[in-house]
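Let me begin by presenting the structure, written as structure tokens, before commenting on it.
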Amino acid sequence: MKEYEEYYEGPRSSSQESPGAQYEALSYVWGTESETESVTVEEDVPNGTSRINIRRNLADALRHLRLPDSPRNFAQVLRMSEIYRSATRVIIWLGGAADRSGLAMSTVHFLGTQVEYTQNAKYLPAPGCSMPRWFLPDVDLGYDGDTLDSLYHLANRPWFARLWVLQEAQLANNDSIVKCGEDEVPWPPFRRAVLCLQRKTSGIPKHLRSCLVAHARFTVDFLVHAPLEEILSISSGQQCRDPSDRIYGVLSIAPPRFAAKIKPNYALRTMEVYKQAFLTYAGHYQRLTLLQHCNYPDPSFPSWVPNWAFGIGFHATYYGCRASGISGERYAVLGDRLRVDAVRFAAVLKAETPDVQSMQDVLKFLPTIGTEKLQNTAYPAGGVLLEGYLQSFAFGRVKDRMPDIGNPSVHEWRELMDHQHPVHSRFEDEVVDRFRGKSVIFLEGGDCVCIILGCEVPMVLRPSSEEAFRLVGPCYVHGTMDGEVILGPIPAGWVLHVVRVDDDVFRPSFFQSLLKTGSETTTWDDPRLSEHPMSPEWERVRDCKWTRDDPVQCVKYRHKVTGREINFDPRLLPAALRGRGI
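The end of the sequence shown is residue 582 by full-length UniProt numbering, with every number in the run present.
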């Protein structure tokens with residue numbers, strides 16, 4: 001296990017290691033304004049006492065903490081990062097004891113000592129553990145009904161669903177603790193236990209797993225390493241009072257150079273805050289990736305401005321999509337309009353939304369299309385129509401395309417369907433959830449499907465006039481997600497695999513096996529671009545390490561004359577594509 005040691009959750013800096021004030025920071029849910037208690041504040045002056053009202057949840061937390069000194073009141077939003085990062089430790093207060101919380105806390109504590117979770121999202125047995133197989137997703141932990149019920153109530157506590165706790169927990173050092181009543185668990189084993197539980201495919205009931213997946217896993221995962229679009233997607237599903245906090249409340253864990261460009265201004269309307277964030281992202285990353293978050297129609301918003309006040313159902317980093325290749329943005333803002341470069345490749349003739357509540361409903365829906373048609377009609381991207389449907393239902397998260405995530409291949413899924421065997425519960429949840437809620441966009445006949453340069457997924461546009469469109473939302477179209485519309489099909493002999501690399505981001509790689517010579521080739525460079533010579537004005541910038549202030553899909557080139565650097569392939573500039581007839 002030595003090869004993974006560099007990724008272990010090592011000690012993080014504490015204010016004990018540097019001069020300055022020594023204090024502990026509290027992470028808790030505010031509670032309601034109507035429930036308050038009065039407390040006495042003592043000051044270091046004669047007769048220096050006063051009384052203030054605090055919310056009941058804070059009063060409950062302070063009773064259990066028994067701190068020797070009263071901590072200072074750090075309320076300024078802009079100092080949140082400094083406060084939690086510099087604290088000697090963060091005390092995470094889940095609330096008072098209830099619903100067998102003591103059993104849940106002891107269970108979580110022991111589980112967290114048996115598993116390791118590395119910073120590049122690998123699960124391993126903990127050194128010296130007594131249960132070395134517990135880290136595996138298909139190994140049943142053997143918990144009884146009381147234990148599972150206590151875990152559900154613990155994971156369902158309001159703390160996990162709040163937006164502001166994301167950064168409070170992420171900035172907590174390894175001396176931090178989680179308290180529930182009088183019970184406490186060190187923060188590192190607590191987070192490892194929650195992450196282990198949420199990926200289990202055996203022995204964990206669906207309602208507990210859904211609760212963990214919906215909120216708890218985001219709070220405990222290493223979001224300080226996550227791409228910005230993933231953080232914004234997560235923040236859209238957390239709870240907060242002011243919708244502007246879906247931007248301002250995550251700046252402490254956002255990529256630093258991007259965060260420095262956002263100046264919180266609560267006087268702005270929510271739409272203006274979101275528009276500012278979108279345009280700042282587009283200019284900073286040279287991408288229009290955040291268009292994929294525009295899946296909630298709001299007449300008060302331009303259709304191209306994401307409404308993060310509602311849950312976001314899609315982010316391409318989860319699927320390793322690259323529908324426009326590694327292309328950059330070129331846009332213009334004309335009032336409330338956004339002008340972009342795009343390739344229109346399909347139109348919607350008819351739209352329907354099947355009622356799917358379970359995998360059985362998926363199996364019932366498919367025959368309505370026609371069994372013979374599904375099995376014998378060729379799909380444009382290869383295979384038959386049934387395989388195209390299954391790939392789309394899974395959003396490409398099948399073994400054929402993403403071999404390391406544990407989902408079945410299309411062939412294995414077909415076999416399971418033919419014999420009416422269940423697929424594993426986590427994969428079923430993924431598929432079924434795409435038919436419901438925030439993942440659904442409602443299409444109409446006449447909508448068109450386009451590849452927008454600088455955007456990683458196809459987008460559905462609805463004509464609003466002869467020269468303008470409204471953006472409907474992102475979509476998954478099998479056979480277009482990996483750049484086929486502008487680059488053509490993957491060449492014969494090559495296979496595209498989306499893999500998770502050391503920075504915990506999914507990216508496409510290309511594999512070629514030559515049977516005649518027995519040699520194998522794996523490369524990050526798209527072999528389709530080798531057919532198109534690079535302009536002599538540009539040179540590749542090699543050996544540049546990816547940071548969170550770079551786009552997820554990134555390659556760097558430098559102009560030999562001007563010295564200008566870009567983070568996309570110049571062979572995918574609009575002029576170059578038009579020159580190839582696209």
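Glycine is no exception: its CB is placed at the ideal position from the N, C-alpha and C atoms.
Small disclaimer: the values here were computed from a predicted structure and weren't measured.
Runs of the alpha helix (DSSP H) lying entirely within the region 264-315, each at least 4 residues long, are 270-285 in chain order. When C-alpha distances from residue 79 are compared across 358, 25, 195 and 501, the shortest belongs to 25. In the same chain as residue 154, and ignoring 5 residues on each side of it, the C-beta atoms closer than 8 angstroms to its own belong to 94, 99, 101, 104, 105, 108 and 180, in chain order. The beta carbon of residue 170 is closer than 6 angstroms to those of 223, 224 and 253 in its chain, skipping five residues each way along the sequence. Following the DSSP letters along the chain, one finds residue 145 inside the alpha helix (DSSP H) bounded by residues 145-155.
Taking the CA atoms as reference points, residue 272 sits about 21 angstroms from residue 257.
In its chain, beyond the 5 residues on either side, 409 and 410 have a beta carbon closer than 6 angstroms to the beta carbon of residue 400. Scanning its chain for C-beta atoms nearer than 7 angstroms, with the 5 sequence neighbours on each side dropped, one finds around residue 403 the residues 497, in chain order. Residues of the same chain with a CB within less than 8 angstroms of the CB of residue 398, apart from the 5 flanking positions on each side, are 390, 391, 407, 408, 409, 410 and 413 in chain order.
Judged by pairs of C-beta atoms under 8 angstroms, the region 300-311 does not touch the region 562-579, as fewer than three such pairs exist. With a cutoff of 8 angstroms on beta-carbon distance, residue 121 and residue 160 are scored as not near each other.
Of the residues assessed, residue 363 falls on the exposed side of the cut-off, its CB having fewer than 16 other CB atoms within 10 angstroms.
Each of 388, 376 and 163 was checked against the Cα of residue 310, and the nearest Cα belongs to 163. Under a 10 Å Cβ-count criterion, residue 219 is classified as buried, with 16 or more other Cβ atoms of the shown protein chains found around its own Cβ. One thing to note: residue 443 has its Cβ no nearer than 8 angstroms to the Cβ of residue 477.
When DSSP states are grouped into helix, strand and coil, residue 373 belongs to the helix group. According to the DSSP assignment, residue 332 belongs to no alpha helix (DSSP H) but to the beta strand (DSSP E) extending over 332-334. For residue 114, same chain residues with a beta-carbon under 6 angstroms away, outside a window of 5 residues either side, are 126, 129, 131 and 134 in chain order.
Counting of Cβ neighbours within 10 angstroms places residue 317 among the buried residues, the total reaching 16 or more. DSSP places residue 343 in the strand class (E or B) of the three-state scheme. Taken through DSSP and simplified to helix, strand or coil, residue 104 comes out as helix.
In the structure shown, the three-state DSSP call for residue 91 is strand.
In terms of Cβ geometry, residue 453 and residue 578 do not form a close pair [threshold 8 angstroms].
Going by beta carbons, residue 527 and residue 491 fall inside the 8 angstroms limit. Shortest Cα-Cα distance from residue 546 to any of 504, 246, 346 and 339 involves 504. Residue 85 places its beta carbon 8 angstroms or farther from that of residue 175. Rounded to the nearest whole angstrom, the CA to CA distance from residue 327 to residue 475 is 19 angstroms.
The C-beta distance from residue 202 to residue 312 rounds to 30 angstroms, too long to meet the 8 angstroms contact threshold. Distance from the Cα of residue 506 is smallest, within the candidate group 322, 383, 292 and 559, for 322.
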